[in-house]
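So my numbering is basically just the index in the sequence shown, starting at one, shifted up by 1. Where is the CB? At the ideal position from N, CA and C, for every residue including glycine. Single-structure report; data block below.
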Amino acid sequence: QNMLIGQLGGLDFADYLSWSLLPTLISLAGAWVILQLLYRRVLGDLPGTARPARLTANNADPAFDAWQTGKGLILLAILVALFFTDLPRDKVALSLAALLLLSRRMHTRSILGLIDWHLLTLFAALFIVVGIFRSTDAPEQVIHWLAAHSVDLANGQVLTLVTALLSNLVSNVPATMLLAQTLDPAHPELWYVLAMASTFAGNLLLIGSIANLIVAEQVAPLGVRIGFLEYARAGVPVTLLSLGILSVWLLI
């Protein structure tokens, strides 16, 4: 959703990074402390090389390829550097991705075979559903209802709260697509708040972010079950802390 917000709001990469870096690092440190307190016994019992028992040769990671890894890291560094320029980010990303497919050692078919096509289909379907939703008058009705109840989305604190609530009702990507319609590109700080609040809010519940569901789905074949309540045990305090840090940051 951050990429979507960046495109819709025309946000500058460097400006957003400088604005969000400190509260993000503080929130990350806070999340680490909370997870250590909740799971210190479990984490302490795990050996450093622990791997799921169900991880067999059939689904093991591909063999390490120094050339492909080096090429990928170099292109990643170039990509991040180009994000600081005025070049179109979508075209830059696609161009560098195309370069990754150029390899004499690894067939393109093999590279494409490593892509999670089910995940891409899920995202495509999600945007189709959200696009259909936006074509109705429902988003305008929601916005008008908020305005009628004196919910000022131009206030960063209010926007943080509304974003957190909506993100856990409809997931954070649809929530950002809805709320983005209310923001003025002339005020990038509100777009920053939307990006950070929707990201933090996605940690609250398992259904708060599509990324959470992806993780739960990916680890299920390995015998790891992420329950709704067990996730909330860590997600709720981590999210409340990070949203609180964001709210304090808005007051500075």
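What residue does the alpha helix (DSSP H) around residue i start on, and which one ends it?
{"i": "Pro-186", "result": "Neither: Pro-186 is in no alpha helix (DSSP H) and is coded neither H nor E."}
{"i": "Leu-102", "result": "90-102"}
{"i": "Ala-64", "result": "That residue, Ala-64, is in no alpha helix (DSSP H); it is neither H nor E in DSSP."}
{"i": "Ile-215", "result": "211-220"}
{"i": "Asn-3", "result": "3-10"}
{"i": "Thr-240", "result": "229-252"}
Hey, how far is the Cα of residue i from the Cα of residue j?
{"i": "Thr-137", "j": "Gln-69", "result": "46 Å"}
{"i": "Trp-33", "j": "Val-239", "result": "9 Å"}
{"i": "Ala-1", "j": "Leu-44", "result": "This structure gives no information on residue 1, because the portion of the chain shown stretches from 2 to 253."}
{"i": "Val-216", "j": "Ile-253", "result": "35 Å"}
{"i": "Ile-27", "j": "Leu-154", "result": "25 Å"}
{"i": "Thr-183", "j": "Leu-9", "result": "12 Å"}
{"i": "Thr-161", "j": "Ala-212", "result": "20 Å"}
{"i": "Leu-1", "j": "His-108", "result": "Past the boundaries of the shown model lies residue 1; the chain is included only from 2 to 253, so the question cannot be answered."}
{"i": "Leu-214", "j": "Asp-117", "result": "14 Å"}
{"i": "Phe-134", "j": "Pro-140", "result": "8 Å"}
{"i": "Asp-16", "j": "Gly-224", "result": "42 Å"}
{"i": "Asn-3", "j": "Asp-66", "result": "31 Å"}
{"i": "Leu-147", "j": "Asp-13", "result": "29 Å"}
{"i": "Ala-98", "j": "Val-130", "result": "27 Å"}
{"i": "Leu-38", "j": "Gly-31", "result": "11 Å"}
{"i": "Ser-21", "j": "Ala-78", "result": "20 Å"}
{"i": "Arg-106", "j": "Leu-76", "result": "17 Å"}
My understanding is that residue i touches residue j, with C-beta atoms under 8 Å, so please give their C-beta distance in whole angstroms.
{"i": "Pro-24", "j": "Met-197", "result": "7 Å"}
{"i": "Leu-230", "j": "Val-194", "result": "The Cβ separation is near 30 Å, so there is no contact."}
{"i": "Val-174", "j": "Leu-127", "result": "6 Å"}
{"i": "Leu-191", "j": "Gly-228", "result": "About 36 Å; that fails the 8 Å criterion."}
{"i": "Ser-168", "j": "Gly-132", "result": "Incorrect: roughly 19 Å between the Cβ atoms, too far for contact."}
{"i": "Leu-242", "j": "Ile-35", "result": "7 Å"}
Quick one: is residue i buried, meaning 16 or more other Cβ sit within 10 Å of its Cβ, or exposed?
{"i": "Ile-6", "result": "buried"}
{"i": "Ala-202", "result": "buried"}
{"i": "Ala-58", "result": "In this prediction, Ala-58 scores a pLDDT of 48, lower than 50, which makes its location untrustworthy; the coordinate-derived value is nonetheless stated afterwards. With fewer than 16 Cβ atoms within 10 Å of its Cβ, Ala-58 is classed as exposed."}
{"i": "Ala-176", "result": "buried"}
{"i": "Ile-246", "result": "buried"}
{"i": "Val-249", "result": "exposed"}
{"i": "Ala-181", "result": "buried"}
{"i": "Thr-200", "result": "buried"}
{"i": "Val-220", "result": "exposed"}
Could you tell me which uninterrupted beta strand (DSSP E) segments, each at least 3 residues in length, are contained entirely in the region 102-177, listed from first to last along the chain? none
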